[in-house]
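Numbering (our numbering), first residue to last: 23 to 341.
(1) Is the Cβ-Cβ distance between residue 262 and residue 250 less than 8 Å?
(2) Is the beta carbon of residue 180 sitting closer than 8 Å to the one on residue 324?
(3) What would DSSP say about residue 162, mapped onto helix, strand or coil?
(4) Taking the alpha carbon of residue 275 as the reference point, which residue from 89, 133 and 302 has its own alpha carbon closest?
(5) CA-CA distance, residue 272 and residue 297?
(6) Taking one C-beta from the region 208–216 and one from the region 102–112 each time, how about it: are there three or more such pairs within less than 8 Å?
(7) Could you check the C-alpha separation between residue 100 and residue 289 for me, to the nearest Å?
(8) Based on DSSP bridge pairs, tell me the residues matched to residue 283.
(9) Quick one: residues in its chain with C-beta nearer than 8 Å to the C-beta of residue 78, no 5 flanking neighbours on either side, listed in chain order?
(10) What are the boundary residues of the beta strand (DSSP E) that includes residue 76?
(11) With distances taken from CA atoms, which of 239, 203 and 247 is nearest residue 216?
(12) Please report the straight-line C-alpha distance between residue 67 and residue 310, rounded to a whole angstrom.
(13) Residue 242 and residue 137 look like a contact to me (Cβ under 8 Å); what is the Cβ gap, rounded to whole Å?
(14) Assuming residue 268 contacts residue 254 (C-beta within less than 8 Å), just tell me the rounded distance between them.
(15) Closer than 8 Å by C-beta to residue 183: which residues in its own chain qualify, once you throw out the five before and the five after it? Chain order, please.
(16) Alpha carbon to alpha carbon, how far is residue 177 from residue 119?
(17) From 279, 50 and 80, pick the residue whose C-alpha is nearest to that of residue 320; which is it?
(18) Please report the distance separating the alpha-carbon of residue 94 from that of residue 317.
(19) What does a CB cutoff of less than 7 Å around residue 292 pick up in its chain, not counting 5 residues either side in sequence?
(20) Just the C-alpha distance for residue 65 and residue 195, rounded to the nearest angstrom, thanks.
(21) Could you spell out the range, first to last residue, of the alpha helix (DSSP H) harbouring residue 256?
(22) What does DSSP give as the partner residue(s) for residue 103 in the beta ladder?
(23) On the premise that residue 47 lies in contact with residue 73, defined as a C-beta separation below 8 Å, what is that separation, rounded to the nearest angstrom?
(24) How long is the line joining the alpha carbons of residue 284 and residue 52, rounded to whole angstroms?
(25) Check whether the Cβ atoms of residue 228 and residue 123 sit closer than 8 Å, and answer yes or no.
(26) Given this structure, state the Cα-to-Cα distance separating residue 187 from residue 220, to the nearest angstrom.
(27) Give the straight-line distance between the Cα atoms of residue 330 and residue 238, rounded to the nearest whole angstrom.
(28) Might you give, ordered along the chain, the residues of its own chain that have their beta carbon closer than 7 Å to the beta carbon of residue 190, omitting 5 neighbours on each side?
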């Protein structure tokens, strides 16, 4: 963030004098999305009526992202800027306070009910797993450590965000309002069908316990399907080296499970270590937070990635 402040001071002085890059089609709305889920939902709602740009470079980590001057001007001059509104894109608030965007903004965290992030039993930085963990009214384990921002990981939430995006586009371009709303609704219904498929899968399982040898940015997903989880780090955890106690705890939990999971762009060394000690396999669960350049160019969507997760779950968990 310290690197960003001098850049913003310069832009505050020069932005009025810097010519904006010509849009691909000046007659279309210009939408900028900070992260891939917002980009995907905006593409679905906009169709051919708007140009949608993904700000976060493929494969990049949003927590450490440093926007370029071109990125900042793009945010300032677009018609609609979609962003998460959580800890991982705190840099966005600094930009928006400095540049006074010309268009509208929409925060994904404002589209759904938020959950409190937990430091679950055995998790690095959480409670001593030898002591009983506090439980909420529904029996979920964990210590509250802040609001969880990974709202898109539950398909029902993704549907709600898509509908809100369609409504925002309709307000910006009343001449095509019905088209935006219809396209957003069609995608939202696909997301709700995905939700039903996940629910049906988990309903068939004799157990609903998962172990992640990684960060766990999937609290909304876990709550949606009543999963019990153990993980090395919280969703926004900055640690990369779990303690020996955490490794031992997760290894014990994984002994009777078919896989230890890790997330995209992870080196999965922690998951590999736990799986080897527990005598099981490793598998990837794609959180859809960002995608590789190859995936982006191939046209992957939130739905295609999540259906890939469903197939991985079937492969490793189905009796």
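Glycine included, every Cβ here is placed at the ideal spot set by N, Cα and C.
In this structure, then:
(1) no
(2) yes
(3) Residue confidence is low: residue 162 scores 43 on pLDDT, short of 50, so the model does not pin down where it sits. Its coordinate-derived value is still stated next. The answer is coil: DSSP assigns residue 162 none of H, G, I, E or B.
(4) 302
(5) 9 Å
(6) no
(7) 36 Å
(8) 234 and 305
(9) 56, 57, 58, 84, 87 and 312
(10) 72–76
(11) 247
(12) 18 Å
(13) 6 Å
(14) 6 Å
(15) 59, 60, 63, 130, 133, 134, 173 and 174
(16) 31 Å
(17) 80
(18) 25 Å
(19) 235, 236, 254 and 264
(20) 15 Å
(21) Careful: residue 256 lies outside any alpha helix (DSSP H), inside the beta strand (DSSP E) at 250–256.
(22) 54 and 127
(23) 6 Å
(24) 35 Å
(25) no
(26) 24 Å
(27) 18 Å
(28) 102, 126 and 128
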